[in-house]
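Residue numbers (the working numbering): 123 to 878. Using N, Cα and C, we set each Cβ at its ideal position, and we do this for glycine too. Below is one structure; the comments refer to it alone.
Dropping the structure here:
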């Protein structure tokens, strides 16, 4: 009926004729008609409308949407207007090439295939047609909705990308580490889109990181600051609302150079790093970017995102390159998860090791020696206890500690390859016209030690441990508390063994890690095996055997572990260990790395049963990693509430009356002589209750209250920092408890059963 009216009446009079009761006021009538006529099929109607009215009708749409080359996208109030011209040009080329690519895929011959699930069930499909998402929907709509990404034949794969042949299929949810990385990578693209739409900057790199993601951007004259975050967030929300599909396209180098000609940084990547006939780009909404992928299905999956901070960076991390702006973010598939994460960040701020280090008199930094910590006595106590713990384990596990020089002639570093690849990060010194470098790692020195004397097969393995001081020339802007320093020590050890000893040595290394991380420090940890990359050095048979040995050792732990194909170093496969602290944050501290190349470069050998020279295998391993960094992690994980064996404040003596001061001094001496940390403020004028409270706030593990009764009985009255009262305890029993707490690395001495 309405269409009939349109044919016979002028449109403005038609609007006036519509009953107000049906459409509300005139403004509401306009909005309803805009909604009715802005559909694709109704565009022809407007050709006959008076231009002023057509403009009025379209302006409302332009307030809410962008129309780019026929694509409708939600507009945020903070969007640039108009968008940068390169967005429209990029999309035009995409549409042309995508049409050709889709036709090419459509033309591929489709054949019946089998898709095998982890439980052994087989689903039928068609090559180049059936997608992982379709298989997920067959199993369960809920599973399909919850899946973040798939793995096809062990490789992460877009849910909407068709299978190309028979395949195995895994469906990964956000809880899986690989899915998290994909989710955060997709979120980085959403952030990158918002950055382009907000200020027209040129995007550089935007990877996922251990927790979240970032995007680097170059802008000629605009600086992003925290006040811009809410404005960028509005654009993020618009992109998420649109549920923009992530689409994949393979492009030639020539087409890539044409598409990204506006962005000097992308052009560099294309020219310098792409050496294949084609590479992939991904699109979501107006953003098109160089990317290997894969990605989530659409931007609507990113239901909760927050921009967390900004910083400056350099192109590819080179200090002499262009300065870039970096925005960091975090995202989750559920807003509740974001709120939980934000609460943990608030707690983390309270536990910041730099804050607690100052409050507890542990360490400080000084501008006259940037990146090198000054350790107060209480901080040095923790530092030494950590290294003592490792030393005791070394003795039990067959390691021998060595001491090596801090400085070497550059010839050593040239032999090891570090001079060619790492010299910019070394401190260099000229001595008598010869160039030397402070050591940034111990491995070349240990190679010299092993090679200095002949060895036979029955002497192996050699396990050299070293706490030598290391120096790395980190940029001053990158220095961060104890987590990024210039001077540090590691519990560094290198094992020289025969090929047939690899599996057993790795098992022992993993046992060491499990004991330290779980039983002593209270961390959980995950294991990842990284196998040979492209461009690996050495014989493929050697790599195959080494990877089999590592797999055997990992399986022997009974723990779940993940495979990172092609992520190993060029000189050997490795096991990466990621720990999770009390705040559910992940850190990589330990690594177990096989090395076939350093023994070659230093021409190391041993004599086998036949008296013939053979090449040993070298294993790099550490548990703490940097002692400085581990101290930072433990400070924040414990929140400054140190377990008794590590604590620099194990007990505090408080007297109720000056008449028992001599007894207090005697108790202090007994505890001190037994090797424990004890304090007694003889002339403190505070009340007993205030002294107890102050001692608890200072995180003394135990407060020992002494009065006339305790003096008479030869006891102390014990309470904990969490105010659990243990009552009167004889001195000998107290010391016996303390010895057990220290020797057994008891994590929680607050428990009542520890005092039974």
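- Beyond the five residues adjoining it in sequence on each side, residue 404 comes within less than 8 angstroms, by CB distance, of 311, 368, 369, 370, 371, 410, 411, 413, 415 and 417 in the same chain, given in chain order.
- CA-to-CA, the gap between residue 648 and residue 636 works out to about 10 angstroms.
- With contact defined as three or more Cβ pairs closer than 8 angstroms, the stretch 229–248 and the stretch 287–303 are in contact.
- The alpha carbon of residue 621 has as its nearest neighbour, out of 583, 268, 658 and 216, the alpha carbon of 583.
- If you draw a straight line from the Cα of residue 749 to the Cα of residue 246, it comes to about 54 angstroms.
- Residue pairing of residue 609 in beta bridges, as defined by DSSP: 593.
- No residue range can be given for residue 297, since it is assigned to no beta strand (DSSP E) and is classified by DSSP as neither H nor E.
- In the assembly as shown, residue 730 is an exposed residue. Its beta-carbon has fewer than 16 other beta-carbons within 10 Å.
- When secondary structure is reduced to three states using DSSP, residue 237 falls in the strand class.
- Between residue 586 and the set 573, 781, 595 and 593, the nearest pair of CA atoms involves 573.
- When 671, 385 and 661 are compared, the shortest CA-CA separation from residue 651 is found for 671.
- Taken through DSSP and simplified to helix, strand or coil, residue 400 comes out as strand.
- Less than 7 angstroms divides the Cβ of residue 357 from the Cβ of residue 198.
- Per the C-alpha coordinates, the member of 604, 498, 675 and 380 positioned closest to residue 215 is 380.
- Contact between the stretch 274–281 and the stretch 250–261 is established, with three or more Cβ pairs separated by less than 8 angstroms.
- Separation of the CB atoms of residue 716 and residue 675 is rounded to 11 angstroms, and the pair is thereby denied contact status at 8 angstroms.
- For residue 543, the number of other beta carbons within 10 angstroms of its own is below 16, and it is reported as exposed.
- For the pair of segments examined, the stretch 586–604 was found to touch the stretch 487–505: the number of CB pairs separated by less than 8 angstroms reaches three.
- Residue 610 and residue 769 have their C-alpha atoms some 21 angstroms from each other.
- In the DSSP annotation of this structure, residue 779 is not part of any alpha helix (DSSP H), being labelled neither H nor E.
- In the three-state reduction of the DSSP assignment, residue 487 falls in the coil class.
- Between the C-alpha atoms of residue 608 and residue 751 there is a straight-line separation of about 12 angstroms.
- In the three-state reduction of the DSSP assignment, residue 764 falls in the coil class.
- Just measuring C-alpha positions, the residue of 684, 273, 802 and 694 sitting nearest residue 663 is 694.
- A direct Cα-to-Cα measurement between residue 798 and residue 829 gives close to 22 angstroms.
- Between the alpha carbons of residue 540 and residue 423 lies a gap of roughly 44 angstroms.
- With fewer than 16 other CB atoms across the displayed protein chains lying within 10 angstroms of its CB, residue 203 is exposed.
- Around the Cβ of residue 553, a 10 Å sphere holds fewer than 16 other Cβ atoms; the residue is exposed.
- Beta-carbon to beta-carbon, residue 853 and residue 841 are separated by about 16 angstroms, too far to satisfy the 8 angstroms threshold.
- DSSP places residue 550 in the uninterrupted beta strand (DSSP E) bounded by 550–553.
- With contact defined as three or more Cβ pairs closer than 8 angstroms, the stretch 292–303 and the stretch 384–399 are not in contact.
- In this structure the stretch 696–705 does not touch the stretch 515–526; the number of beta carbon pairs closer than 8 angstroms is below three.
- Remark: C-beta atoms of residue 579 and residue 728 approach each other more closely than 7 angstroms.
- DSSP places residue 556 inside the beta strand (DSSP E), whose first and last residues are 556–560.
- Taking the Cα of residue 275 as reference, the smallest distance to any Cα among 207, 685 and 325 is reached at 685.
- With a threshold of 16 other beta carbon atoms within 10 Å, residue 613 meets it and is buried.
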